[in-house]
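Notes to accompany the following structure.
Residue numbers (UniProt numbering): 1 to 262.
Shown next as structure tokens:
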């Protein structure tokens, strides 16, 4: 499983969160404590918003702990909204195209989890992605496929409903293929202004997800980057975190999926 971090608030240097804390994301790339694997060394990526509407992206196949360029960038780049991700592959190759976050226009997406038995449904899942979006598929991961399918389902306009529909479709393909392995999905999505984070799994064992709000600043992480007593709250299982227009709320992703079944 992977580890990630998302920030929305007053502009800060990326290094203040990605590199500096005692249990920073760079530290987690080698010493994660709440993941299935301690090491997340199959590449990394950062995506940030500056003066342009579309985000900047830097992705690399080297482990985050050994890339001096990552630290240099994070010490120089200041942003009001950024994503950072360290990858532990669940089977697909270690290439830049498979590193997170994934971008489409002004949107960013990153994921921690996996589609159980992905190889058995990969072709059918990709067939659900419209041609115009499939042309943007650069890698081979289940994460990128979920992102593109969610965009086709209206992710840009209805981020919670669209993701609920997408997870329901993927789960349906798994059922048809007789896959007993779990679909586990913890992810973050942004349009450059607002932020959504999701925590769901078909077996009620989703990867961890926490958030902390400090005034107008919001930090969302796979696991706390410092002392757990410093205001961290766990995103409930089966829920979505919605941050927009200065408010942070929790919505039930399970309920959204249930409404689609009605």
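Glycine included, C-beta positions come from ideal geometry on N, C-alpha and C.
* Please report how far the alpha carbon of residue 240 lies from the alpha carbon of residue 196, in whole angstroms. => 7 Å
- alpha helix (DSSP H) segment containing residue 21, residue limits: Neither: residue 21 is in no alpha helix (DSSP H) and is coded neither H nor E.
**Asked** Residues in its own chain within less than 6 Å of residue 53 by CB, not counting five upstream and five downstream?
**Response** 106
Alpha carbon of residue 21 to alpha carbon of residue 33, nearest angstrom: 15 Å
_Burial state of residue 182 (16 or more Cβ within 10 Å)_ = buried
Residue 157 versus 28, 190, 173 and 62, residue with shortest Cα-Cα distance: Each of 28, 190, 173 and 62 was checked against the Cα of residue 157, and the nearest Cα belongs to 190.
* **Beta bridge counterpart(s) of residue 99 as assigned by DSSP** => Answer by DSSP bridge pairing: none, since residue 99 is not bridged.
Quiz prompt | Residue interval of the alpha helix (DSSP H) (run including residue 150) | solution = 142-152
Alpha carbon of residue 94 to alpha carbon of residue 229, nearest angstrom: 35 Å
Practice task
Specify, as a first and last residue, the run of the alpha helix (DSSP H) that residue 161 falls within.
Solution key: 159-176
request  = Taking residue 69 as the reference, give the member of 24, 45, 238 and 170 with the closest Cα.
outcome  = 45
(request) Check each candidate in 179, 73 and 198 and name the one with the smallest Cα separation from residue 115. (result) 179
Next on the checklist: DSSP has residue 239 in a bridge; who is on the other side?
Outcome noted: Answer is 199 and 252, bridged to residue 239.
ask   = Roughly how many angstroms separate the alpha carbons of residue 14 and residue 192, rounded to a whole number?
value = 16 Å
Requested in this report: Taking residue 84 and residue 211 to be in contact with their CB atoms under 8 Å, please state how far apart those CB atoms are, rounded to whole angstroms.
Outcome: Not a contact, Cβ separation roughly 15 Å.
### Three-state secondary structure (DSSP) of residue 234
strand
#### Entry: Pair within 8 Å by beta-carbon distance, residue 303 and residue 41
Lying outside 1 to 262, the shown extent of the chain, residue 303 is not represented and no answer is given.
Cβ-based burial, residue 130 [other Cβ within 10 Å; buried from 16] | With fewer than 16 other Cβ atoms inside 10 Å of its own Cβ, residue 130 counts as exposed.
| Coil, strand or helix - residue 132 by DSSP | helix
Quick check on the DSSP output: what are the complete beta strand (DSSP E) runs of length 3 or more inside the stretch 3-78, in order along the chain? Taking only runs of at least 3 residues, the beta strand (DSSP E) segments lying wholly in the stretch 3-78 are 3-13, 44-48 and 56-60.
**Asked** According to the neighbour-count rule (16 or more other Cβ atoms, all chains shown, within 10 Å of its Cβ), is residue 27 buried or exposed?
**Response** buried
| query | Sorted by chain position, which residues of the same chain lie with C-beta nearer than 6 Å to residue 113's C-beta, five sequence neighbours on each side aside? | reply | In its chain, beyond the 5 residues on either side, 184, 185, 186 and 207 have a beta carbon closer than 6 Å to the beta carbon of residue 113.
Exercise. CB-CB under 8 Å to residue 10, same chain, minus the five flanking residues each way: which ones, in chain order?
Worked result: 80, 216 and 217
Might you give, ordered along the chain, the residues of its own chain that have their beta carbon closer than 8 Å to the beta carbon of residue 148, omitting 5 neighbours on each side? Within the same chain, residue 148 has close Cβ partners 104, 129, 133, 134, 136 and 137.
Have a look at 47, 255 and 109 and flag the residue whose alpha-carbon is nearest the alpha-carbon of residue 73. Nearest neighbour of residue 73 by Cα position, chosen from 47, 255 and 109, turns out to be 47.
Between which two residues does the alpha helix (DSSP H) holding residue 127 run?
118-127
Enumerate in chain order the residues of its own chain whose CB-to-CB distance from residue 236 is below 8 Å, with the five nearest sequence positions on each side excluded.
199 and 250
- prompt: Taking Cβ to Cβ, would you say residue 219 is nearer than 8 Å to residue 17?
  reply: yes
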